[in-house]
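Heads up, the thing below is written out as structure tokens.
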Amino acid sequence: MRPIPPLRVTPPVALCVALCVAAGLTVPTRAGELALTLETPAGKPVANAVVMVHSQGAQPRASIRFPWAYVMAQKDTQFDPFVLIVPVGADVSFPNRDPIRHHVFSFSPAKPFELKLYSRDETRVVSFPKAGVVSLGCNIHDNMTAFIRVVDTPYAVKSNAAGQAVIRDLPAGAATVTVWHPFMKVRGGEQSRDVVVPASGALALAMVADLRPPPLRRGGY
Ligand SMILES: [Cu+2]
1062 MRPIPPLRVT
1072 PPVALCVALC
1082 VAAGLTVPTR
1092 AGELALTLET
1102 PAGKPVANAV
1112 VMVHSQGAQP
1122 RASIRFPWAY
1132 VMAQKDTQFD
1142 PFVLIVPVGA
1152 DVSFPNRDPI
1162 RHHVFSFSPA
1172 KPFELKLYSR
1182 DETRVVSFPK
1192 AGVVSLGCNI
1202 HDNMTAFIRV
1212 VDTPYAVKSN
1222 AAGQAVIRDL
1232 PAGAATVTVW
1242 HPFMKVRGGE
1252 QSRDVVVPAS
1262 GALALAMVAD
1272 LRPPPLRRGG
1282 Y
């Protein structure tokens, strides 16, 4: 019986493989955008909502990065910002920019933690390995409240003062749009809508978010 000759990769085959690999690694050029408008039933724009898109196609494997800083400062006896979006696994710094001490904590299942009293110009870093909502408070100042939304998608943005959120370079095809706001009167504070992202151009979406009053006097929403 003759031995089976070893498989040889001839130059044309090698070229084809190289091209196929290159093609497989190419970022899809067909991409659309989502232009979402969010308002209350009374027509008031809703700022500080987190808008997330989960594409139902292939998920990006690269680690998620956002262009803003992963910082939750304490300034003028408030957290700043009121809502911060970070990717899963992010390290968030909590600088104290006040001349008084704060004691930051969260009881949220996504990340319970406590930063014992610390002073001006000191900072602490906390990592957030799980997606979800992290509600923040300060043991000393009851009026201090803020939220970190840890997301597992690169397609996430906050609505602006006009209640608008634009997410660009979305993969075309079926996707789910999720909108979350800490004071939205629905289970979990979020609602979702299935959409089809166009291969080019914008998908305009208008959603209504009924908000309850903030639990304590708090600006920024
Ligand atoms: Cu405080």
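In this note's numbering, the protein residues as written are 1062 to 1282. Where is the CB? At the ideal position from N, CA and C, for every residue including glycine.
**Request:** State yes or no: is the C-beta of residue 1138 nearer than 8 angstroms to some heavy atom of ligand 1?
**Result:** yes
**Message:** Considering only DSSP beta bridges, list what residue 1179 is partnered with.
**Reply:** 1163
**Asked** When you compare only the Cα positions, how much space is there between residue 1233 and residue 1163?
**Response** 45 angstroms
**Asked** Is residue 1210 helix, strand or coil by DSSP?
**Response** strand
**Asked** Is it right to say residue 1088 is buried, meaning 16 or more other beta carbons lie within 10 angstroms of its own, or is it exposed?
**Response** Here the model assigns residue 1088 a pLDDT of 46, short of 50, so the residue's position is not dependable, and the following value carries that caveat. Looking at its Cβ environment, which holds fewer than 16 other Cβ atoms inside 10 Å, residue 1088 is exposed.
**Message:** As an exercise, report each continuous alpha helix (DSSP H) stretch of at least 4 residues that is fully enclosed by the region 1108 to 1145, in chain order.
**Reply:** DSSP runs (the alpha helix (DSSP H)) wholly in the region 1108 to 1145: none.
**Asked** Beta carbon of residue 1133: closer than 8 angstroms to some heavy atom of ligand 2?
**Response** Looking at this structure, you won't find ligand 2 anywhere; what it does contain is ligand 1.
**C-alpha distance - residue 1083 paired with residue 1148, whole-angstrom precision** = For residue 1083, the predicted structure reports a pLDDT of 45, less than 50, and the residue's modelled location is therefore unreliable. The matter cannot be settled from this model.
**Where residue 1093 falls, given that 16 or more other Cβ within 10 Å makes a residue buried** = buried
**Prompt:** Skipping 5 residues on each side, what residues in its chain have a beta carbon closer than 7 angstroms to that of residue 1256?
**Reply:** Result list for residue 1256: 1236, 1238, 1264 and 1266, in chain order.
**Message:** By the DSSP assignment, the beta strand (DSSP E) with residue 1098 in it spans what residues?
**Reply:** 1092 to 1100
**Request:** Could you check the C-alpha separation between residue 1105 and residue 1254 for me, to the nearest Å?
**Result:** 21 angstroms
**Asked** Which one of 1097, 1101, 1174 and 1225 has the shortest CA to CA distance from residue 1187?
**Response** The candidate whose alpha carbon is nearest that of residue 1187 is 1174.
**Asked** Which of the three DSSP states, helix, strand or coil, is assigned to residue 1086?
**Response** Note on residue 1086: pLDDT 43, under 50, position unreliable in the model; the coordinate value appears next. The answer is helix: DSSP assigns residue 1086 an H, G or I state.
**Request:** Count the other C-beta atoms from every protein chain shown that fall within 10 angstroms of the C-beta of residue 1290, then say buried if there are 16 or more, exposed otherwise.
**Result:** With the chain covering only 1062 through 1282, there is no way to say anything about residue 1290.
**Request:** Could you work out which residue in 1109, 1153 and 1095 is closest to residue 1224 when comparing CA atoms only?
**Result:** 1109
**Request:** Compute the Euclidean distance between the alpha carbons of residue 1095 and residue 1155, then round it to the nearest angstrom.
**Result:** 32 angstroms
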